[in-house]
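To start, the structure itself, in structure tokens.
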Amino acid sequence: MCSKRKRTIKILKKKIKIGLLGGSFYPPHNGHIQISEEAIKKLNLHEIWWLVAKKHPHKTFINEKNFLERVNEAKKISKNYKIKIIENSNYCDDKYTINNLIKLIRNYRSKNFIFLMGADNLINFDKWHKWEKIFQLIPFAVFDRPEYKNKSLSNKCAKKYRKFRYKETSAKDLPFLKPPAWIYFHGKKNYIKSSAIRKKNENEN
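If you count the sequence shown from 1, position 178 lands on 177 in numbering that gives the first Met the number 0, and the numbers rise without skipping.
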């Protein structure tokens, strides 16, 4: 049994390790780059895939009309990094993250995926469609935003899956752990939000 488990781990470690960062990317900004770079370094990933949402279940301004604009802007800002922009409608078309993730995992069996998010998203994660299934489908890496730390770690999701949270020292093992498995990365960085940039641009105009 032990030797069989070792062989399984060996096979898993041969897979390409990909971090998945989803969002509206309206607009894409340096905060997205920072999380991507940090994820590659801490989780020992080969690259990051940005999943640009074609539409959003709650944000009507995220739609197909500005999809190509958001994709092109994402390509521009990420061109010098190990970041791939996923614009294939098969993986961006559905407004629910769970459905896009299922299709990705099913069609890329040679990859080990990790779902990436900022701490602000974890706060309301229990409002996401089939959020528990997402937790049980893919390992998670959550990146600190100091102003959201207390709220994110005391919310419904974090409490329910507390025993499946691993220490930061286990980061490089996360791609090979069976979900549910997640890590919260503490840090001093203050990632700006797309909504803050949009508001600033609106005020300037």
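In this text, a Cβ means the ideal position worked out from N, Cα and C, and glycines have one as well.
Beta-carbon proximity list for residue i, same chain, < 7 Å, skipping 5 on both sides
{"i": "K40", "result": "none"}
{"i": "D93", "result": "N99"}
{"i": "S109", "result": "K14, I15"}
{"i": "L121", "result": "V141, S151, N154, C156, A157"}
{"i": "H55", "result": "S23, I61, K94"}
Sequence-distant residues of its chain with Cβ nearer than 6 Å to residue i (five each side left out)
{"i": "F24", "result": "V51, R69, A73"}
{"i": "I133", "result": "I97"}
{"i": "W130", "result": "F124"}
{"i": "N43", "result": "K171"}
Proximity below 8 Å, CB of residue i to CB of residue j
{"i": "A170", "j": "Y147", "result": "no"}
{"i": "I76", "j": "G18", "result": "no"}
{"i": "K81", "j": "I104", "result": "no"}
{"i": "P205", "j": "L173", "result": "Examination of residue 205 is not possible in this model, given that the chain is present from 0 through 204 alone."}
{"i": "Y165", "j": "P179", "result": "no"}
{"i": "E63", "j": "K78", "result": "no"}
Spatial neighbours of residue i in its chain, beta-carbon cut-off 8 Å, leaving aside the 5 residues before and after
{"i": "F184", "result": "E37, K41, A140, V141, F142, D143, E167, A170"}
{"i": "G22", "result": "H31, W49, L50, V51, A52, S193"}
{"i": "L20", "result": "H31, I34, S35, A38, I47, W48, W49, L50, L115, M116"}
{"i": "L136", "result": "I97, L100, I101, I104, P178"}
Alpha-carbon to alpha-carbon, residue j and residue i
{"i": "C156", "j": "M116", "result": "13 Å"}
{"i": "S193", "j": "H28", "result": "Since pLDDT at S193 reaches only 47, below the 50 mark, its modelled position is unreliable, and the value read off the structure follows with that caveat. Rounded to the nearest angstrom, the two C-alpha atoms are 7 Å apart."}
{"i": "N123", "j": "W181", "result": "16 Å"}
{"i": "K83", "j": "W49", "result": "6 Å"}
{"i": "T59", "j": "P26", "result": "15 Å"}
{"i": "K102", "j": "G186", "result": "32 Å"}
{"i": "H57", "j": "F66", "result": "16 Å"}
{"i": "F175", "j": "N106", "result": "18 Å"}
{"i": "H45", "j": "I85", "result": "16 Å"}
{"i": "F163", "j": "N71", "result": "37 Å"}
{"i": "H31", "j": "S153", "result": "24 Å"}
{"i": "D125", "j": "S35", "result": "24 Å"}
Status (buried if at least 16 other CB within 10 Å, exposed otherwise) for residue i
{"i": "I15", "result": "exposed"}
{"i": "P145", "result": "exposed"}
{"i": "N149", "result": "exposed"}
{"i": "H128", "result": "exposed"}
{"i": "N111", "result": "buried"}
Short CB-CB distance (under 8 Å) between residue i and chain C
{"i": "H31", "result": "The structure shown contains no chain C; it is built from a single protein chain."}
Where in the region 47 to 107 do unbroken runs of the alpha helix (DSSP H), each at least 4 residues long, occur, reported from the N-terminal end onward? 66 to 77, 88 to 91, 96 to 106
Give, in chain order, every unbroken run of the alpha helix (DSSP H) that is at least 4 residues long and sits entirely within the region 101 to 164. 118 to 122, 130 to 136, 148 to 152, 155 to 159
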